[in-house]
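Inspection log for the structure reproduced underneath, given as C-alpha cells.
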Amino acid sequence: MKPAARQTFLRHWREPEHLTRAMRDPEELLRLMDAEGIERAALINYPAPEVMGFGHSVNAWASRFAAGREDRLVAVGSVHPDWPGDAGTETARLFEELGIRMLKIHPPHQLFAANAYRGGAENLRRIYETAERFRRPVMIHTGTSVFPGARNVYADPMPADDVAVDFPDLTLILAHAGRPLYMETAVFLARRHPNVHLDLSGIPPKKLLDYLPRLEEISEKCLWGTDFPSPGVLSMRKNVEEFLALPLSDAARRRILFDNAAALIP
Ligand SMILES: [Zn+2]
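For reference, each letter of the sequence shown is one residue, going 50 to 315 in our numbering.
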C-alpha cells in the first residue's frame with residue numbers, strides 16, 4: 050500500500066492492531082464478525098497501483114483469504130484494463146481458478162471511466178463481457194474519494210448508464226449509491242435499468258433517509274454494506290443498529306440486509 054493511502058487509514062483508526070489482526074488471519078475476521086453479529090462479508094479488492102499501491106496480487110490474496118470459508122466470505126477482485134494480455138481471459142481465470150465471485154471496478158482509484166471501452170479501452174469491454182457470460186456481478190464504485198491521488202472526475206455514476214445499456218445481462222451494483230454528490234443519478238440508474246442495483250455502504254446510516262428519501266420504495270434494488278474497515282467506519286454492528294432504527298418496514302429491512310444480496314451473490 051502506498052504510504053499516503055496507509056496514512057489516510059491510520060488517521061481514522063485508534064486501534065490499528067485490531068484491523069491488522071483481522072486482515073492477517075481470516076479466523077480473526079470471522080471471530081470479529083461473530084462478535085458483531087455479522088453473517089457474511091464481501092472482501093472488496095481491486096488493483097489500483099497508482100493511487101492505492103495494490104497490484105493484481107490482491108486477487109490471489111482474496112482467494113486465499115476466503116478459501117474454505119465461502120459460506121461467510123465472498124472473494125471480490127478485478128483486473129485492471131492495463132493488463133498486458135487479454136483481460137477477458139484473466140477475468141475468466143479469476144472466476145474459474147481463484148473463486149472470485151464478484152468484480153469491483155473503482156474509477157477514481159483505478160483512473161478510468163466505467164464506460165472507457167466506448168473510447169477504445171477494449172480490455173474493459175472484455176472484462177464486462179466475461180462477467181456477463183459467467184453471470185457474476187460487477188460492483189462499480191460511485192461517489193467521491195478522499196484518498197490522496199484519487200481522481201473524482203470519475204466519481205459520477207452516469208458512465209454506468211452506458212454499461213447497463215451495452216451489457217443488459219450483466220448485474221451492476223453501484224457502490225455507495227453515488228455518495229454524497231451523485232445520489233439522484235444513482236437512484237435514477239437503479240430505477241431505469243432492471244440490472245442496476247445500489248450498495249448502501251459508506252453512507253452514515255443515520256443519514257441514509259436524508260440522502261435516499263425513497264429508500265423504502267427502492268428497497269428491492271438496495272444491498273447493505275458498511276465499507277468496514279474504511280476510514281470512519283469503526284464497527285459493522287453499530288452501522289446495522291443505526292440502520293435498524295430508521296423508520297422502514299420489516300420487509301424492506303430484510304430485503305436490504307439479506308435477501309437482495311443473497312439473490313445476487315448466491
Ligand atoms: Zn468503493
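Positions of the beta carbon are idealized from the N, C-alpha and C atoms, including for glycine.
Just so it is clear, the structure is predicted and the values come from calculations on it, not from any experiment.
| Asked | Found |
| --- | --- |
| Quick one: residues in its chain with C-beta nearer than 6 Å to the C-beta of Tyr95, no 5 flanking neighbours on either side, listed in chain order? | Ser127, Lys153 and His155 |
| Is Asn244 near Thr275, with beta carbons less than 8 Å apart? | no |
| Between which residues of its own chain and Pro278 is the CB-CB distance below 7 Å, once the five residues before and five after are set aside? | Leu68 |
| Under 7 Å: does the beta carbon of Ala317 sit that close to some heavy atom of ligand 1? | Residue coverage of the chain in this structure runs from 50 to 315, which leaves residue 317 outside it and unanswerable. |
| For ligand 1, is there a heavy atom less than 7 Å away from the beta-carbon of His155? | yes |
| Is the beta carbon of Leu257 closer than 8 Å to that of Leu264? | yes |
| Roughly how many angstroms separate the alpha carbons of Ser268 and Arg55, rounded to a whole number? | 35 Å |
| What would DSSP say about Asp248, mapped onto helix, strand or coil? | strand |
| Can you find the residues in the same chain that come closer than 7 Å, C-beta to C-beta, to Asp205, ignoring five residues on each side of it along the sequence? | Tyr231 and Thr234 |
| Count the other CB atoms, across all protein chains shown, that sit within 10 Å of the CB of His190; report buried if there are 16 or more and exposed otherwise. | buried |
| With DSSP as the reference, please indicate the residues paired to Met188 in a beta bridge. | Lys153 and Ile222 |
| Drop a sphere of 10 angstroms on the beta-carbon of Ala311, count the other beta-carbons inside from all chains shown, and report buried for 16 or more, exposed for fewer. | exposed |
| Can you have a look at His61 and say buried or exposed, based on whether 16 or more other CB atoms are within 10 angstroms of its CB? | exposed |
| In whole angstroms, what separates the C-alpha of Val125 from that of Ser106? | 12 Å |
| Does the distance from the C-beta atom of Ala209 to that of Ala163 stay below 8 Å? | yes |
| Taking the continuous alpha helix (DSSP H) assigned at Gly169, which residues delimit it? | Gly169 -> no alpha helix (DSSP H), and no H or E assigned at all. |
| Which residues in the same chain as Glu139 place their Cβ atom closer than 7 Å to its Cβ, once the five residues preceding and following it in sequence are excluded? | Val128 and Trp132 |
| Going by C-alpha distance, which of Thr193, Arg63, Trp110 and Glu99 is nearest Met72? | Trp110 |
| Quick one: does the C-beta of His190 sit closer than 7 Å to a heavy atom of ligand 1? | yes |
| Should Gly227 and Gly192 be called a contact, given that it needs their Cβ atoms to be closer than 8 Å? | yes |
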